[in-house]
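Worksheet: the structure to be examined is printed underneath.
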Amino acid sequence: MFFFLAQTEQGDIFKITLETDEDMVTEIRLKYFDTVPVAAAMCVLKTGFLFVASEFGNHYLYQIAHLGDDDEEPEFSSAMPLEEGDTFFFQPRPLKNLVLVDELDSLSPILFCQVSEMAVSELPGNPNAVWTVRRHIEDEFDAYIIVSFVNATLVLSIGETVEEVTDSGFLGTTPTLSCSLLGDDALVQVYPDGIRHIRADKRVNEWKTPGKKTIVKCAVNQRQVVIALTGGELVYFEMDPSGQLNEYTERKEMSADVVCMSLANVPPGEQRSRFLAVGLVDNTVRIISLDPSDCLQPLSMQALPAQPESLCIVEMGGTEKQDELGERGSIGFLYLNIGLQNGVLLRTVLDPVTGDLSDTRTRYLGSRPVKLFRVRMQGQEAVLAMSSRSWLSYSYQSRFHLTPLSYETLEFASGFASEQCPEGIVAISTNTLRILALEKLGAVFNQVAFPLQYTPRKFVIHPESNNLIIIETDHNAYTEATKAQRKQQMAEEMVEAAGEDERELAAEMAAAFLNENLPESIFGAPKAGNGQWASVIRVMNPIQGNTLDLVQLEQNEAAFSVAVCRFSNTGEDWYVLVGVAKDLILNPRSVAGGFVYTYKLVNNGEKLEFLHKTPVEEVPAAIAPFQGRVLIGVGKLLRVYDLGKKKLLRKCENKHIANYISGIQTIGHRVIVSDVQESFIWVRYKRNENQLIIFADDTYPRWVTTASLLDYDTVAGADKFGNICVVRLPPNTNDEVDEDPTGNKALWDRGLLNGASQKDHDFFQHVEMHLRSEHPPLCGRDHLSFRSYYFPVKNVIDGDLCEQFNSMEPNKQKNVSEELDRTPPEVSKKLEDIRTRYAF
C-alpha cells in the first residue's frame with residue numbers, strides 16, 4: 001500500500017492511498033488529512049516529520065502524530081459510483097493528525113538577538129552580583145542561584161520552582177565575590193574575608209585573609225582560585241587529586257592595584273588553566289603563568305587606552321573534532337576580552353603556548369564601563385558584554401558576531417541551565433532577578449510580527465505621533481462586507497434548496513454555517529476570482545501593535561499608494577492621501593479609473609476623517625508631498641495637486657513619462673520619477689512658469705520597483721529582476737537646468753555621497769578577485785557572470801563573498817594574504833572593521 005499527501009490551492013491536505021494488485025493500481029482512496037498554509041513544496045522525512053515550504057509566509061515543520069486511518073473522517077474511493085455533476089464534500093477542522101513543531105521565518109536572516117523573558121522575580125534589595133552553580137560536574141542543569149547583596153548572600157535552589165535554601169553551606173552574612181563548582185562535587189565561595197570550600201558531605205574548610213587585608217578581586221574555575229588582596233598581592237590556590245584546595249607557597253606583588261582578573265576554563269584532559277589575566281589600575285593587562293615551573297611569573301603585557309573594568313578569557317571559533325575514544329569536542333582559539341571603563345570592548349588573541357597577546361579588535365559598546373560574563377550558546381563559549389546596553393559576542397558559522405540584545409539595561413549576569421531553559425542567562429536589573437533565553441543566533445534584527453487582514457503594500461509614518469498608516473490590498477479577494485453578504489446568500493440558498501421535510505434540518509445547518517468561523521491564516525480565504533480586489537487603510541501603533549483606526553474600502557477598490565503631507569493653505573493639519581484603482585484587471589490590463597481619497601488625521605494622528613475623493617483616469621500608483629502640495633503619478637502622467645474643499649485641484653502636469661510611474665522622490669525643486677520600464681527620469685519644477693520639465697533620464701532600461709535618494713544628484717534603485725543600482729547625474733547637468741546657478745550650486749547642488757577610499761576599493765577588489773578563483777560558489781555558478789547577469793557589475797564589491805575568506809582552509813588563506821602583501825589576521829581584521837563600521 002502506498003499513500004501520498006496532496007494539497008489543494010486552499011491549503012487542505014488529502015491523503016491519497018493506492019491499492020495495487022501486483023503492478024496495477026486497482027483503487028484510489030482519498031481522505032481529508034489536515035489543513036496547513038498553502039505550500040510551494042512539501043517533504044515527508046523518514047523520522048515522521050512533514051516540512052511545509054510555504055508559498056507566501058513562514059515555513060513550518062510538523063510532526064505526523066497520526067496517519068488518519070482510524071478516525072471518523074469520510075473516505076472517498078474511485079470505486080464509488082458518482083453521477084455527473086455530483087461531488088464529494090468534507091468538513092475542514094483544526095489540526096488533528098499533525099502537530100506544529102517549529103517555524104522558520106520567511107524573511108532573509110534577520111539580525112538583533114531576540115530575548116525571551118522566562119521569569120522575573122523581585123528581590124528584597126538591590127543585588128550587586130549573581131552566579132549559578134551545579135552540585136556535580138556530571139549534572140546537566142544548575143542546582144543553585146547565588147545572589148550577592150551589599151552585606152548578605154542569598155542562595156536559591158533551582159527545581160520546578162526557584163526558592164530560598166539555608167543548608168547549602170554558603171555563608172549568608174557576607175557579600176560574595178565569586179563562587180563556583182570545584183572539582184567533581186565541591187563548591188567554593190570567595191568573600192572579602194576569606195575562601196569557603198564546601199565539600200559534598202557539607203564539611204567546610206575556610207581560609208582567612210591575613211591581618212587586616214581583604215580580598216578585592218578574584219578569579220575562579222573548576223580547579224583553581226586566584227585572589228587579589230588589598231595592595232595588589234596575588235595569592236594562588238589549586239586543587240590537588242584528593243580534592244583539597246592548597247595555597248601556592250609564593251605570592252606575587254603587582255606594581256599597581258588590581259581592578260579585574262580572569263581565568264579560562266580548564267581544558268579537557270588538563271590539570272589546570274595555564275594563564276591568568278590581570279587588569280591593573282595603570283591601564284595595563286598582564287598575563288601571568290600558572291604553570292608549576294614558572295608559577296606567577298609575568299609572560300606578556302598589553303597597554304590599554306583606558307582603565308580596564310573586566311576581563312574574560314574564552315575559547316571561541318572552534319571546529320568540532322572527534323578524539324580517539326570517539327568523544328566529540330571543540331578545538332578553538334583563546335581570546336582575551338577586555339572591557340574598558342570608557343565603554344570600549346577589546347578582543348585580543350591569546351597564544352596558548354607563549355601567552356603572547358596579538359591581533360586586537362576594538363568595538364565601542366556604550367557609555368558605561370563594560371562588564372564581561374562567560375556564558376554558553378549552542379554548546380560553545382560566548383561572552384555577554386554589558387554597557388549602556390547588553391551585547392552578545394559569539395562565533396556562528398565561522399564568523400564572529402557581536403550583536404546587541406533588544407532588552408533593558410542589565411547589571412550582572414551568569415550562564416543558566418535548567419530543564420525548561422538549557423542555555424539561558426540569569427541576570428539582575430535594579431532589584432529584580434531575570435531569567436532570559438536568547439533565540440535565533442545569527443539573526444540580525446529583532447522583529448515582532450503583527451497580523452494584518454490583507455497583504456500590506458505600503459506604509460507611511462505620521463511625524464508627530466509616529467503611528468503607521470498602512471494600506472493593505474489583495475487580489476482575488478472579498479471585502480468583509482462582501483463575505484458576509486455572500487455567506488448570508490449561501491445560507492438562504494441552502495434553506496431554499498431543501499425539501500419541505502428537510503427544511504428544519506437545513507435551517508439548523510444554515511445557522512451553523514453562519515456561526516462557523518475558520519481562521520483564514522490556516523484555512524485560507526475564499527477565492528473571489530480574477531479582477532476582484534479588497535483593501536483597507538489601517539492606522540497602527542507600532543509599539544503595541546494595536547489598530548487605532550480601520551477604513552474598509554469598497555469591493556474592487558485596490559489601494560496602491562499612500563502619503564502623509566501638509567498643504568501650505570491649511571496650517572498645521574496633517575492629511576493622508578491614498579491612491580486607489582477601480583475594477584483593475586491585470587491581464588489583459590484594463591482599469592475603470594481611479595480615485596485619490598483624502599483623509600484628515602485627527603486625535604493626535606489616531607483617527608482618519610474622510611474629506612473627499614478625487615476621480616482620476618488611471619491608477620494613481622505614486623504620491624509624494626512637494627512644496628506644500630502633492631505630486632501624483634496617474635498612470636504615465638505626473639501631476640501637481642493642491643487641496644480643495646470638494647476635491648484635489650490639479651495645478652499642472654507632464655505627459656512625457658514613457659510607460660507608468662511607479663515611484664516619486666523629491667528634493668528641492670527636483671523630482672526623480674521611477675518608471676516601470678525606463679528607469680529614472682529627472683524632472684525640474686519651475687514655479688514661475690508652473691511647469692514640470694524633464695531634463696535628464698537614465699540610458700538603461702530598468703524595471704524599477706523601489707528607489708531612495710542619496711543626495712541632490714544621486715539615487716539608488718532596485719528592479720524586479722533583483723538588481724540594485726546607484727545612478728548619478730553628470731557634473732555639468734546642474735548648470736543646464738538651474739535658473740540661477742551662481743551661488744545656488746555651491747549651497748545646494750553639490751553631490752555629497754562619498755564611497756569607499758581608493759585604497760579600500762583596491763584592497764577589497766583584489767580580495768574579491770582571489771576568492772572568485774579560490775573559493776567558487778557551491779552551486780557551480782561563475783560569480784562574475786552571476787553578478788553581471790543583467791548589467792555588467794560596476795563599482796560594487798560582494799562583501800558576502802569577501803567574508804568567505806574566514807571560512808577558507810588556512811593554507812588558502814595564507815596564499816590569498818600573501819598575494820595581498822598581508823597576513824591572514826590582517827585581512828580578517830580589515831573585513832571585520834568594514835562590517836562594524838558600515839553595517840552591523
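Per the UniProt record's numbering, residue 1 is the first one in the sequence shown, and the count goes up by one each step.
Just so you know, even glycine gets a beta-carbon here, dropped at the ideal spot from N, CA and C.
- CA-to-CA, the gap between I287 and C295 works out to about 12 Å.
- In the structure shown, L637 adopts extended strand secondary structure according to DSSP, grouped into three states.
- Residue environment: T598 is assigned as buried (16 or more neighbouring CB atoms within 10 Å of its CB, all protein chains considered).
- CA-to-CA, the gap between R199 and P776 works out to about 57 Å.
- Exposed is the label assigned to V101, since fewer than 16 other Cβ atoms lie within 10 Å of its Cβ.
- For the pair of segments examined, the stretch 424-437 was found not to touch the stretch 519-537: the number of CB pairs separated by less than 8 Å stays below three.
- Under the three-state reduction of DSSP, N806 is assigned to helix.
- Inter-residue distance for N806 and E819 is about 16 Å (C-alpha atoms, whole angstroms).
- Here H462 carries a coil assignment [DSSP, helix/strand/coil].
- Of the other Cβ atoms in all chains shown, fewer than 16 fall within 10 Å of the Cβ of S77; this residue is therefore exposed.
- Around I227, the same chain offers I215, C218 and V235 as residues with beta carbons nearer than 6 Å, after the five sequence neighbours per side are excluded.
- In terms of Cα proximity to F680, the closest of T699, C179, K830 and L61 is T699.
- Within the stretch 634-718, the runs of beta strand (DSSP E) at least 3 residues long that lie entirely inside it are, in chain order, 637-643, 648-654, 661-667, 670-675, 679-686, 691-697 and 704-709.
- Contact between F33 and T17 is absent: CB atoms are separated by about 11 Å, not below the 8 Å threshold.
- Of all alpha-carbon atoms in G211, N603, Y248 and N815, the one lying nearest the alpha-carbon of E464 is that of N603.
- The residues K217, G279, P308, E309, S310 and L311, in chain order, have a CB closer than 7 Å to that of C260 in the same chain once the five nearest residues on each side in sequence are set aside.
- Non-local beta-carbon contacts of P701 in its own chain, meaning distances under 7 Å to residues more than five positions away in sequence, involve Q677, E678 and S679 in chain order.
- Taking P352 as the centre and dropping the five residues before and after it, the same chain places the C-beta of L334 closer than 6 Å to its C-beta, in chain order.
- Listed in chain order, the non-local C-beta contacts of N283 below 6 Å within the same chain comprise L304 and Q307, local neighbours out to five positions each way being set aside.
- In the structure shown, the three-state DSSP call for N815 is helix.
- Here Y407 is buried. Its C-beta has 16 or more other C-beta atoms within 10 Å.
- Counting only residues of its own chain and dropping the five nearest sequence neighbours on each side, V204 has a CB closer than 8 Å to the CB of G169, R196, H197 and I198.
- CA-CA distance, E832 to D356, rounds to 22 Å.
- Of the candidates G172, E247 and K202, G172 places its Cα closest to the Cα of P192.
- For A581, the uninterrupted beta strand (DSSP E) run begins and ends at Y575 to K582, by DSSP.
- Counting along the chain, the unbroken beta strand (DSSP E) around E27 starts and ends at M24 to T35.
- Leaving aside the five residues that flank R347 on each side, the residues in its chain whose CB is nearer than 6 Å to its CB run, in chain order, Y335, N337 and R361.
- Under the DSSP assignment, S785 falls in the alpha helix (DSSP H) whose first and last residues are H783 to R787.
- Note on C725: 16 or more other CB atoms within 10 angstroms of its CB, so buried under the neighbour-count rule.
- Looking at E606, V285, G194 and A256, the one whose alpha-carbon comes closest to that of E247 is G194.
- Following the DSSP letters along the chain, one finds R589 in no beta strand (DSSP E), marked with neither H nor E.
- Secondary-structure assignment with DSSP links Q380 through a beta bridge to M377.
- Taking a C-beta distance under 8 Å as the contact criterion, K252 and T230 do not qualify as a contact pair.
- With a beta-carbon spacing of about 5 Å, A559 and T473 fall inside the 8 Å limit used to define contacts.
- It is roughly 42 Å from the alpha-carbon of V683 to the alpha-carbon of L771.
- With fewer than 16 other CB atoms across the displayed protein chains lying within 10 angstroms of its CB, I137 is exposed.
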